[in-house]
Amino acid sequence: MTMSEQELRLDGNAAAGLLQEVFVHEVTSVRGACARCGAVGEMGAQHLYMTPLSPGAVLRCTSCDSLLIVAVRTGGRLRVGLQGLVWIELPDEGAAS
Amino acid sequence: MVGTALQRRLIWRTAEVVDLVDETPRVRSLVLAVPGWPGHQAGQHVDVRLTADDGYQTQRSYSIASPQSTDERLTLTIERLDDGEVSPYLARELHAGDQLELRGPIGGYFVWAPALGGPLLLIAGGSGSCPLMAMLRLRQAAGSTVPARLLYSSRSLDEVIYRSELARLVAAGSGLEVMLTLTRAQPPGWTGLHRRIDTEMLQSVAWSPAERPWIFICGPTPLVETAASALVDLGHEPARIKTERFGPTGG
Amino acid sequence: MSFVSRGFKGRSRDKPRDARVPPGQYVVHDFPVLSAGPTPQPSLDTWTFSIEGEVDETKRWTWAEMRALPSETVTRDIHCVTKWSKLDTTWEGVSVDTLLAGVETAADYVMAFCDGGYTTNLPLEDLTGGKAWIAFAFDGEPLESQHGGPARLLVPHLYFWKSAKWVRGLRLMNEDSPGFWETYGYHMYGDPWLEQRYSGD
Ligand SMILES: Cc1cc2nc3c(=O)[nH]c(=O)nc-3n(C[C@H](O)[C@H](O)[C@H](O)COP(=O)(O)OP(=O)(O)OC[C@H]3O[C@@H](n4cnc5c(N)ncnc54)[C@H](O)[C@@H]3O)c2cc1C
Ligand SMILES: [Zn+2]
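Chains as they are written, first to last, in my numbering: chain A, 26 to 122; chain B, 152 to 402; chain C, 45 to 245.
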């Protein structure tokens, strides 16, 4: 197979390990809203650009390709950009049960 | 709801290889003992980290092929890519007694449990059958009779992973059907499917959109993208189609 | 790191024998693809290249105009921040000097911008004096899209993320400002010989 006819694209789910370094919660199963087009979807269903060689993970909206989450390893630090999300919705641990 | 269970912080664990099973000429399963393993859901994966003696490290994801259990064990099934960096090591170099670093279980999106119901449509290409096998094994172990169909694309019959186990699961009569499509070589007298997955094939295999199947598609990125967009075109709800792209593997 | 995976060597990483290989790099023979988004497939009929921003007048070339400019064939080593280097890569392209000829500007910095939204920042002086090209061929063949075709910026003396794939123009700026990876912590300049990988290095 040649690399030219395909994308090195994965599902957001494949970044679940990396994202769990950032969030206490498992976030690939939660919903979020794209700041550019408003599409709402589970983070695990978004497009992920991440290869074993890449500097980090780039999660893009499946509807408009806009950036949702960027997480980059920079020599001992992990810089996380969340500008592409209006919100994400996590299970509320503080809620009375 | 499946998958929203809170999880503890991920840590790297040291697993021990306790058994190796040759599934096909290019595919080997590793049975791992992982002290303290908290258990997992069908469809989750682990990240495996390898370290060379000069400190060089690299990491890959592998789906868990075994269903939930309480014995602190799990099975990974690895397809060897000869020009790959990690899979030849895992599928050829490792032997029983070796140690392996991994973290998990990971992911809450590409998971199925009997409570989610069905019908359950599973579409696999090559080693993409691994997480789907965890779902079928769980379905069987839990005594679930949710109707399930697996459409499995493989280059040849010899390369079909879990072939005899799939035959046994079908024979158990719990409402599982398995359709193979053999894309490169077919045994003499083969009357089954023998082309790459396409819209027409999916139309004949999938339930109608009105029956609202849960659909899980897994394998090399091009196969996953073809199948997912064909199913959307056939009228299936995107929110009920879950995908797991393995990247540029196999094919 | 105390754990060692028995018998694991990893992808063949040639130890640099060569004074040509910057510190911390190893030599590869394939050409790894790194991507942060879908591969753009622009039509050459509508493709343009612009020089804009702090200039008296925006300059713009169509694909045909760009290809009609004098081009050069250069052989250079390239160094990726992810630690691979590839030696003696041969490119064909138009020197940025050719494009900047006649452009009046007081700007000191440039933002290269691309199809797909990628950007990277560089000092203007690193693009002039025969140090940078708009490359459209690699190894004698049209540049493949996964490597940045139809055209990418080639600035081989800096880490390769500065050699923006799918480049569509240069925006001249009076002040330096971070591009895509720079925003997420990569070095503003990126000299491989000084191992300027991350901000603060
Ligand atoms: C969530 C998830 C679950 C997975 N589960 C399984 C599983 O259960 N079983 C399984 O066998 N696999 C699984 N995979 C795939 C697995 O993670 C590895 O990708 C696979 O084993 C190949 O790794 P490798 O190191 O052998 O090959 P690599 O060295 O990573 O190379 C893979 C192929 O791609 C090419 N390639 C890779 N990167 C580049 C690049 N940057 N530029 C150009 N070419 C490139 C290589 O030449 C090679 O042909 C899974 C992947 C994901 C994301
Ligand atoms: Zn969007």
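Glycine included, each C-beta is placed from N, C-alpha and C at the ideal position.
- Within 8 Å of the CB of residue 201/B, the CB atoms of chain C belong to 49, 52 and 54, in sequence order along the chain.
- CA-to-CA, the gap between residue 269/B and residue 50/A works out to about 27 Å.
- Rounded to whole angstroms, the separation of the alpha carbons of residue 164/C and residue 298/B is 52 Å.
- Using a cutoff of 7 Å, the CB of residue 398/B counts as near ligand 1, since one of the ligand's heavy atoms is closer than that.
- Here residue 108/C carries a helix assignment [DSSP, helix/strand/coil].
- Spatial neighbours of residue 326/B in its own chain (CB-CB distance under 6 Å, excluding positions within 5 residues in sequence) are listed in chain order as 296 and 298.
- At a cut-off of 8 Å between beta carbons, residue 102/A contacts chain C.
- With a cut-off of 8 Å on Cβ pairs, the stretch 53-70 of chain A is in contact with the stretch 32-40 of chain A, counting three or more such pairs.
- Contact check for residue 272/B against residue 300/B passes: the beta carbons are separated by less than 8 Å.
- Taking a 10 Å sphere around the C-beta of residue 305/B, we find 16 or more other C-beta atoms and assign the residue as buried.
- In this structure, residue 234/B has its CB closer than 7 Å to one or more heavy atoms of ligand 1.
- In this structure, the CA atom of residue 75/C is about 20 Å from the CA atom of residue 162/C.
- Distance from the Cα of residue 185/C is smallest, within the candidate group 210/C, 137/C, 101/C and 141/C, for 137/C.
- When the alpha-carbon of residue 374/B is set against those of 235/B, 213/B, 350/B and 312/B, the nearest one is in 350/B.
- Residue list for ligand 2: 59/A, 61/A, 62/A, 64/A, 86/A, 88/A, 89/A and 91/A (CB closer than 6 Å to any heavy atom, chain order).
- When DSSP reads this structure, residue 94/C sits in a beta bridge with 104/C and 213/C.
- Distances from the CB of residue 124/C to the heavy atoms of ligand 1 are all 7 Å or more.
- Straight-line spacing of the CA atoms in residue 89/C and residue 159/C works out to 15 Å.
- About 7 Å separates the beta carbons of residue 348/B and residue 332/B, which is inside the 8 Å limit, making them a contact pair.
- In the DSSP annotation of this structure, the continuous segment of the alpha helix (DSSP H) that includes residue 354/B starts and ends at 350-356.
- Per DSSP, the beta bridge partners of residue 157/C are 163/C and 213/C.
- When Cβ pairs closer than 8 Å are counted between the two stretches, the stretch 137-157 of chain C is seen to touch the stretch 168-177 of chain C, the count reaching three or more.
- For residue 213/B, the closest Cβ of chain C is not nearer than 8 Å.
- Around residue 233/B, no beta-carbon contact reaches into chain C at under 9 Å, the shortest distance being about 13 Å.
- Residue-level contact by beta carbon holds for residue 67/A and chain B, with a gap shorter than 8 Å.
- Counting every other CB atom within 10 Å of its CB across the protein chains shown gives residue 85/C a total below 16, marking it as exposed.
- Annotated as proximal: residue 97/A and residue 229/C, with beta-carbon spacing under 8 Å.
- In this structure, the beta-carbon distance from residue 71/C to residue 115/C does not fall below 8 Å.
- In the three-state reduction of the DSSP assignment, residue 240/B falls in the helix class, which pools H, G and I.
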